[in-house]
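A short write-up of the structure that comes next.
There are 2 protein chains.
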Amino acid sequence: MASKKYIKLRARLMRDEEIAFGPGKADLLAAIDRTGSISAAARDMGMSYRRAWLLVDTMNRCFRSPLVDSAPGGKHGGGARLTDTGRRVRQRYLEMEAALRALADEFEKDLNKDLR
Amino acid sequence: MASKKYIKLRARLMRDEEIAFGPGKADLLAAIDRTGSISAAARDMGMSYRRAWLLVDTMNRCFRSPLVDSAPGGKHGGGARLTDTGRRVRQRYLEMEAALRALADEFEKDLNKDLR
DNA sequence: CTTCGCTATATCCTGCTGTGCATAACGAAT
DNA sequence: ATTCGTTATGCACAGCAGGATATAGCGAAG
C-alpha cells in the first residue's frame, strides 16, 4: 500500500473568535520551556519570531493569568518562562488531545476500509 | 460574561496529503442530497461551484468507490446523487464527530476555568 | 431543435496568512 | 561604555487558497 491513511485531529480552545490554545501553541510552550526564550523557541521550530510572539500574546490575553512570563534584555538577561498556569493548561490540553486521539483511532479502522 | 468560550474540533480523514473527508465535505454531501446537484448545493452553501466540484472530485478520487454520482445535462436531466458508499461514509463520520464532541465537552469545563 | 440548468475545466484575480526586515528599548556580562 | 541577545512592534512582500468569470459539452423537457 503506497498511500498513507490517517485521521488528522485538531482541537482548539476558542475565546470569541480568537484561538486561545491549540496544537501549535502547545508545541511553542514546550519549545519556550526548553530554550528559555521566545526567539530561540521560534528558531528551534523554524517559525518567525513575529509569529511566535503573536501566539504568546494571544495566549496571554485570552487567559485570566498569563501562560508565559517574559522580560527584555539578552544574554542571560531577559527571556521567557512558562508560568504554573502555562504548564497546567498545556498538560490538560495534552491529556484531552490524547483522549481524543485514542477515541478517533477506534473509528479509524472502519472508516479506512472505504479509503483507497 | 461577554466572551464566548468553546472548543473547536476538527477531524479530517487523510489520504497521503489530500483531505479525503472532513466537516465541509460532510456538509456538502448533505446539500447535494438535499438539492440533487453540485451547483445547487454550492449556491445553497454560499460557496463557489469551483470549490464544490473540487471537493467532490477529491472525495471520489480518494475513496475506492465514488461518494457522488454525477451526470451532465440540466433541468431534470443530469445532476448529482449520493451513492450508498457516500451515505455510509458520511454517517460513520458524523458518528465519530459526535463521539469526539461528547468527549471534548467533558474536558471543556475544566479548561475553561482558566480562560478569561 | 431550442432552451435550460447542469457537469467539467481553465484562467485570472483577490484576500489573507505568515515571513522578512527594520527599528527601538532593555538588561546582564564583559 | 560596548556588545550581545533578548522583548516588542510596525510594515512591506510573497505564497496560496479560494472566488469570479468564461467556455464547452451534455441531456431532458418543452
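Protein chains in written order, with this note's numbering: chain A, 1 to 116; chain B, 1 to 116. Each residue gets a CB set at the ideal place from its N, CA and C atoms; glycine is no exception.
| Item | Value |
| --- | --- |
| If you draw a straight line from the C-alpha of R34/A to the C-alpha of G46/A, how long is it? | 15 Å |
| Closer than 6 Å by C-beta to L115/A: which residues in its own chain qualify, once you throw out the five before and the five after it? Chain order, please. | K5 |
| Would you call K25/A buried or exposed, if buried means 16 or more other Cβ atoms sit within 10 Å of its Cβ? | buried |
| Looking at the unbroken alpha helix (DSSP H) that takes in M14/B, where does it start and where does it end? | Run containing M14/B: none in the alpha helix (DSSP H); it sits in the beta strand (DSSP E), K5 to R15. |
| Where does the unbroken beta strand (DSSP E) through L28/B begin, and where does it stop? | Counting along the chain, L28/B falls outside any beta strand (DSSP E), though it belongs to the alpha helix (DSSP H) covering P23 to T35. |
| Using DSSP bridges, identify the partner residues of V117/A. | Given that chain A is displayed from residue 1 to residue 116, the structure contains no residue 117/A and the question cannot be resolved. |
| Expressed to the nearest angstrom, what Euclidean distance is found between the alpha-carbon atoms of G78/A and I38/A? | 10 Å |
| Residue range of the alpha helix (DSSP H) that D57/B falls in? | Y49 to C62 |
| If contact is defined by three or more beta carbon pairs under 8 Å, each pair taking one atom from either stretch, is the segment 98 to 106 of chain A in contact with the segment 13 to 32 of chain A? | no |
| Buried or exposed: where does L28/A fall if 16 or more other Cβ atoms within 10 Å of its Cβ makes it buried? | buried |
| For R12/B, tell me which candidate among K113/B, V89/B, N112/B and D69/B has the shortest Cα-Cα distance. | V89/B |
| Closest to G86/B by C-alpha separation, out of G74/B, C62/B, G73/B and A71/B, would be which residue? | C62/B |
| So, is the C-beta of Y93/A closer than 8 Å to a C-beta in chain B? | yes |
| Tell me which residue opens and which closes the alpha helix (DSSP H) that R43/A is part of. | I38 to M45 |
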